[in-house]
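Undergrad: Numbering (this note's numbering), first residue to last: 118 to 629. What follows is a structure written as structure tokens; I'll ask about it next.
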Amino acid sequence: GLSPHVRIVVSTLPDPANAEFQCLSQLRKGLGLADGASEGSCIVEVETISDHIRVLRHLLKFLGRTSTPEQEAAVDAAVRQTGENDGAGTPLFLTIIAQIIAGWTSYDGVKFAINPSVRGLIKDLFERLETTHGKHLVRAVLAFLTLCRRSGVSETELVHLLSLDDDVLADIYEWWVPSMRTCPPLVLTMLLAELAPYLSRRGDGSGQQLVSWYHRQFWEAAEEYLFGESGQQREGFISREERHTQLADFFAGKWAGKAKPYSAWLSERVQRPQFCPGETAGDRMVPTQPLVLEGRLTSAESERLLNTRRIQEHVDHAIRAGDKTSAVGDLCSIQYVAAKVAADDVSDLLREYSAAIERFPDRAIALGEFAAFVGRNLDALRQKIPTAPFQFALQEPDTSGPYQSIKRLAERGGDPLIAIAGASGAENAARLVHWRGKPQQSDPCQLTIREHEGIVNAVAFSPCGKWVASGSDDMTIKICSAGTGEVKCTLTGHSGRVWSVAFSPDGTRVVS
Numbered sequence: 118g119l120s121p122h123v124r125i126v127v128s129t130l131p132d133p134a135n136a137e138f139q140c141l142s143q144l145r146k147g148l149g150l151a152d153g154a155s156e157g158s159c160i161v162e163v164e165t166i167s168d169h170i171r172v173l174r175h176l177l178k179f180l181g182r183t184s185t186p187e188q189e190a191a192v193d194a195a196v197r198q199t200g201e202n203d204g205a206g207t208p209l210f211l212t213i214i215a216q217i218i219a220g221w222t223s224y225d226g227v228k229f230a231i232n233p234s235v236r237g238l239i240k241d242l243f244e245r246l247e248t249t250h251g252k253h254l255v256r257a258v259l260a261f262l263t264l265c266r267r268s269g270v271s272e273t274e275l276v277h278l279l280s281l282d283d284d285v286l287a288d289i290y291e292w293w294v295p296s297m298r299t300c301p302p303l304v305l306t307m308l309l310a311e312l313a314p315y316l317s318r319r320g321d322g323s324g325q326q327l328v329s330w331y332h333r334q335f336w337e338a339a340e341e342y343l344f345g346e347s348g349q350q351r352e353g354f355i356s357r358e359e360r361h362t363q364l365a366d367f368f369a370g371k372w373a374g375k376a377k378p379y380s381a382w383l384s385e386r387v388q389r390p391q392f393c394p395g396e397t398a399g400d401r402m403v404p405t406q407p408l409v410l411e412g413r414l415t416s417a418e419s420e421r422l423l424n425t426r427r428i429q430e431h432v433d434h435a436i437r438a439g440d441k442t443s444a445v446g447d448l449c450s451i452q453y454v455a456a457k458v459a460a461d462d463v464s465d466l467l468r469e470y471s472a473a474i475e476r477f478p479d480r481a482i483a484l485g486e487f488a489a490f491v492g493r494n495l496d497a498l499r500q501k502i503p504t505a506p507f508q509f510a511l512q513e514p515d516t517s518g519p520y521q522s523i524k525r526l527a528e529r530g531g532d533p534l535i536a537i538a539g540a541s542g543a544e545n546a547a548r549l550v551h552w553r554g555k556p557q558q559s560d561p562c563q564l565t566i567r568e569h570e571g572i573v574n575a576v577a578f579s580p581c582g583k584w585v586a587s588g589s590d591d592m593t594i595k596i597c598s599a600g601t602g603e604v605k606c607t608l609t610g611h612s613g614r615v616w617s618v619a620f621s622p623d624g625t626r627v628v629s
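Here it is as structure tokens:
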């Protein structure tokens with residue numbers, strides 16, 4: 118554990134009403150502070166920067182620029198207009214302002230009014246980018262950056278996604294149609310260059326560099342700008358579900374190696390006499406998306422290369438898009454289960470099952486069957502033995518989803534390690550062990566949770582059914598997700614064994 122002398126400093130914004138991120142409330146709860154309680158030295162409210170002009174000059178110095186008195190006066194006026202939650206005078210506010218003024222010359226004066234709030238500054242930035250680069254390109258890139266929030270999106274993926282967007286291509290092809298129906302990479306490069314100060318880049322372990330917003334304010338501002346507030350879709354903007362569909366189709370490889378039909382607008386651009394009259398569809402040159410790029414799922418870890426981007430992204434976007442066929446198709450496939458296990462994403466797989474069951478209740482039985490299969494074999498699957506998911510599926514009842522999935526896979530052939538003993542042509546192949554006379558009733562166990570260091574004496578479900586509280590001889594209480602088994606909280610304080618636990622009727626407290 119950490120040394121008792123280690124201190125962790127965490128910064129966050131106030132919690133806006135109905136916002137997705139409620140970080141401050143969670144921090145208060147974690148520290149045992151009720152709303153309005155005296156916080157002592159635990160939580161300190163950061164004041165806005167008092168000498169904002171001096172800080173602005175310092176930031177501009179790093180950029181090799183300076184500001185004029187007129188420009189500084191405009192910044193000062195914006196700071197003085199700020200409301201309680203606008204964020205003017207904060208480091209982020211001044212960082213954005215510095216980037217804006219760095220693009221102005223001394224003879225420009227103040228090119229446009231400076232918005233007195235962080236959120237307003239960001240939205241003004243988006244509008245200026247639309248004017249410079251075109252609204253369809255900018256909105257598509259902002260949407261993909263915002264919706265790929267789990268890990269980000271690579272520049273190569275952005276080029277492919279833009280190539281599949283007919284509105285983006287039609288806008289770009291206004292004066293010229295290239296020989297290939299793709300988005301010219303330079304168009305994206307120029308846009309990302311202007312967004313660079315507000316983006317973070319990191320590797321994902323597979324050799325790709327992923328791009329994402331570096332600050333929560335940009336996620337929230339982009340959500341409002343693209344998809345409206347309180348679920349009200351903005352007129353003229355593509356819906357969140359349609360953007361998720363674009364992402365799901367790309368990560369599924371839906372259009373790889375085939376021509377995608379043109380929309381009416383793109384057809385009009387492409388079919389002009391001087392270009393390609395009569396052409397109604399075009400290959401967008403996007404890659405296939407197999408679960409494994411090299412080797413097989415049954416290969417040793419050193420002998421295979423997983424398609425981690427497809428494994429991490431496709432099902433999540435398909436669920437959010439409401440694409441039942443695509444999402445359930447993966448989640449009820451033993452190959453997808455094996456890929457998630459190989460990628461060490463078993464907890465994420467269980468979260469996907471929970472989300473899919475909630476989104477597609479008519480497929481809850483099939484999804485629940487696979488979720489229980491993963492949950493009861495959790496300990497063994499986390500050992501990451503390549504053939505384990507397939508062997509466990511073979512041991513399920515013959516009518517179960519996992520068994521039927523492995524049976525279809527074995528019948529298709531292609532992997533000598535996935536051959537069922539006794540099946541035609543499998544006599545001389547390396548094979549899985551077929552359990553003769555196995556039970557034909559599914560194991561009632563839904564999830565295995567092994568987190569305590571002592572005997573578990575008591576278990577209680579929360580009223581909502583999403584959490585499990587357990588008390589143990591190790592003198593602790595653990596609050597775990599009923600869907601994934603992940604520990605969300607460990608409660609200490611008992612000087613002996615914990616014999617009983619119970620949730621309060623509203624599910625906000627646990628007594629022991």
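Even glycine gets a Cβ: it sits at the ideal position worked out from N, Cα and C. The model shown is predicted, which means the values in this text are computed figures rather than measured ones.
When the Cα of P514 is compared with those of F487, L526 and Q558, which residue comes out closest?
TA: Residue numbering aside, residue 514 sits at position 397 when the sequence shown is read from its first letter. With distances taken between Cα atoms, P514 lies closest to Q558.
Undergrad: Out of A497, K371 and T397, which one is the CA nearest neighbour of S380?
TA: Indexing the sequence shown from 1 puts residue 380 at position 263. Checked all of A497, K371 and T397; the closest Cα to S380 is T397.
Undergrad: Rounded to whole angstroms, what's the CA-CA distance from G399 to A481? Just pull it up for me.
TA: Residue mapping note: residue 399 aligns to position 282 of the sequence shown, counting from 1. Residue mapping note: residue 481 aligns to position 364 of the sequence shown, counting from 1. Each residue's alpha carbon lies about 38 angstroms from the other.
Undergrad: How many whole angstroms separate the CB atoms of L414 and A369, which I take to be in contact at a CB cut-off of 8 angstroms?
TA: Taking the first residue of the sequence shown as position 1, residue 414 is located at position 297. Taking the first residue of the sequence shown as position 1, residue 369 is located at position 252. Actually they are not in contact, since the Cβ atoms of L414 and A369 sit about 17 angstroms apart, beyond 8 angstroms.
Undergrad: Answer yes if the segment 181-200 comes into contact with the segment 218-230, meaning at least three C-beta pairs across the two stretches below 8 angstroms, and no otherwise.
TA: Yes, the segment 218-230 is in contact with the segment 181-200.
Undergrad: Is the Cβ-Cβ distance between H250 and V285 less than 7 angstroms?
TA: For the purposes of this step, residue 250 is taken as residue 133 along the sequence shown, with counting starting at 1. For the purposes of this step, residue 285 is taken as residue 168 along the sequence shown, with counting starting at 1. No, Cβ-Cβ distance for H250 and V285 is not below 7 angstroms.
Undergrad: Where DSSP assigns a beta bridge to I596, which residues make up the other side?
TA: Locating residue 596 in the sequence shown gives position 479, counting from the first residue. A586 and C606, per the DSSP bridge assignment.
Undergrad: Between which two residues does the alpha helix (DSSP H) holding P378 run?
TA: Here residue 378 refers to the residue found at position 261 of the sequence shown. First-last for P378: A376 to P378, but that is the beta strand (DSSP E), not the alpha helix (DSSP H).
Undergrad: State the Cα-Cα distance for the pair R548 and T405, rounded to the nearest angstrom.
TA: As a working note, residue 548 is residue 431 in the sequence shown. As a working note, residue 405 is residue 288 in the sequence shown. If you take the alpha carbons of R548 and T405, they lie about 29 angstroms apart.
Undergrad: Could you work out which residue in G582, Q563, T565 and L511 is closest to G554 when comparing CA atoms only?
TA: As a first step, residue 554 is located in the sequence shown; it is residue number 437 there, counting from the start. Measuring from the Cα of G554, the nearest candidate turns out to be L511.
Undergrad: Could you tell me if T207 is buried or exposed, where buried requires 16 or more neighbouring beta carbons within 10 angstroms of its beta carbon?
TA: Position 90 of the sequence shown holds residue 207. The residue in question, T207, is buried, as its Cβ has 16 or more Cβ neighbours within 10 Å.
Undergrad: Using a Cβ-Cβ cutoff of less than 8 angstroms, which residues in the same chain neighbour Y290 once the five nearest sequence positions on both sides are dropped?
TA: In the sequence shown, the residue the question calls residue 290 occupies position 173. Excluding sequence neighbours, Y290 sits near L383, R386 and V387.
Undergrad: Would you call the CB atoms of S443 and A536 closer than 7 angstroms?
TA: As a first step, residue 443 is located in the sequence shown; it is residue number 326 there, counting from the start. As a first step, residue 536 is located in the sequence shown; it is residue number 419 there, counting from the start. No, Cβ-Cβ distance for S443 and A536 is not below 7 angstroms.
Undergrad: According to DSSP, simplified to helix, strand and coil, what is A230?
TA: On the sequence shown, residue 230 is found 113 positions in, with the first residue counted as 1. Three-state DSSP puts A230 in coil, outside helix and strand.
Undergrad: Between V585, C159 and G485, which lies nearest to S128 when the distance is taken from Cα to Cα?
TA: Reading the sequence shown from its first residue, position 11 is the one you call residue 128. Checked all of V585, C159 and G485; the closest Cα to S128 is C159.
Undergrad: Would you give the residue range spanned by the beta strand (DSSP E) that D366 belongs to?
TA: Numbered from its first residue, the sequence shown carries residue 366 at position 249. That residue, D366, is in no beta strand (DSSP E); its alpha helix (DSSP H) goes R357 to F368.
Undergrad: In chain order, what are the residue ranges of uninterrupted alpha helix (DSSP H) at least 4 long that sit wholly in the segment 381-410?
TA: For the segment 381-410, whole alpha helix (DSSP H) runs of length 4 or above, ordered along the chain, are 381-387.
Undergrad: Using the Cβ count rule (16 or more neighbours within 10 Å means buried), how would you classify N545?
TA: Numbered from its first residue, the sequence shown carries residue 545 at position 428. Summary for N545: the model assigns pLDDT 46, below 50, so the residue's position carries little reliability, and this model does not support an answer.
Undergrad: In the DSSP assignment, what are the bridge partners of F179?
TA: On the sequence shown, position 62 is the one that residue 179 refers to. Partner(s): none; F179 has no beta bridge.
Undergrad: Out of R437, T273, V328 and S323, point me to the one whose CA is closest to E358's CA.
TA: By 1-based counting over the sequence shown, the position of residue 358 is 241. Taking only the C-alpha atoms, the option nearest E358 is R437.
Undergrad: Tell me the rounded alpha-carbon separation between A313 and E420.
TA: Against the sequence shown, residue 313 aligns to sequence position 196. Against the sequence shown, residue 420 aligns to sequence position 303. Their Cα atoms are separated by approximately 37 angstroms.
Undergrad: On the DSSP letters alone, give me the boundaries of the beta strand (DSSP E) that Q326 sits inside.
TA: Here residue 326 refers to the residue found at position 209 when the sequence shown is read from its first residue. Q326 to W330 is the span of the beta strand (DSSP E), which, as asked, contains Q326.
Undergrad: Considering Cα atoms alone, identify which of E311, R197 and K146 is closest to T165.
TA: As a first step, residue 165 must be located in the sequence shown, where it is residue number 48. Ranking E311, R197 and K146 by Cα distance to T165 puts R197 first.
Undergrad: What is the rounded straight-line gap between the Cα of D560 and the Cα of T625?
TA: Against the sequence shown, residue 560 aligns to sequence position 443. Against the sequence shown, residue 625 aligns to sequence position 508. Distance between the alpha carbons of D560 and T625: 32 angstroms.
Undergrad: Does the segment 588-604 come close enough to the segment 514-524 that 3 or more CB-CB pairs lie under 8 angstroms?
TA: With the cut-off at 8 angstroms, the segment 514-524 and the segment 588-604 do not touch.
Undergrad: So what does L141 bridge to, in DSSP terms?
TA: As a working mapping, residue 141 is identified with position 24 in the sequence shown. Paired residue(s): none; L141 is not in a bridge.
Undergrad: Would DSSP call L422 helix, strand or coil?
TA: Mapped onto the sequence shown, residue 422 falls at position 305. Strand.
Undergrad: Relative to the alpha-carbon of L176, which residue among V163, M297, E187 and L209 has its alpha-carbon at the smallest distance?
TA: Along the sequence shown, read from residue 1 onward, the residue named residue 176 stands at position 59. Nearest C-alpha to L176: L209.
Undergrad: Nearest to N494 by CA position, among V463, K178 and G439, is which residue?
TA: Looking up residue 494 in the sequence shown gives position 377. Cα-wise, what sits closest to N494 is V463.
Undergrad: With a 10 Å radius around its C-beta and 16 neighbouring C-beta atoms as the bar for buried, classify W616 as buried or exposed.
TA: Taking the sequence shown and counting its residues from 1, the one referred to as residue 616 is at position 499. The residue is exposed, with fewer than 16 neighbouring Cβ atoms inside 10 Å.
Undergrad: Cβ atoms of L238 and I213: under 7 angstroms apart, would you say?
TA: In the sequence shown, residue 213 corresponds to position 96, counting from 1. In the sequence shown, residue 238 corresponds to position 121, counting from 1. Result yes, Cβ atoms of I213 and L238 sit closer than 7 angstroms.
Undergrad: Determine the closest residue to L448 out of T425, G485, V276 and L423, with distance taken between C-alpha atoms.
TA: Here the question's residue 448 lines up with position 331 in the sequence shown. Of the candidates T425, G485, V276 and L423, the one whose C-alpha sits nearest the C-alpha of L448 is G485.
Undergrad: For R256, report the span of its alpha helix (DSSP H) as first-last.
TA: Translated into positions along the sequence shown, residue 256 becomes position 139. Unbroken alpha helix (DSSP H) run through R256: K252 to L264.
Undergrad: In the DSSP output, which residue or residues are listed as bridge partners for G320?
TA: Translated into positions along the sequence shown, residue 320 becomes position 203. Q326, per the DSSP bridge assignment.
Undergrad: Would DSSP call V458 helix, strand or coil?
TA: By one-based count along the sequence shown, residue 458 stands at place 341. In the structure shown, V458 sits in a helix (DSSP, three-state: H, G or I).
Undergrad: Of all the options L608, L410, P407 and F261, which has the alpha carbon lying nearest to the alpha carbon of H361?
TA: Translated into the one-based positions of the sequence shown, residue 361 becomes position 244. Ranking the options by Cα distance to H361, first place goes to F261.
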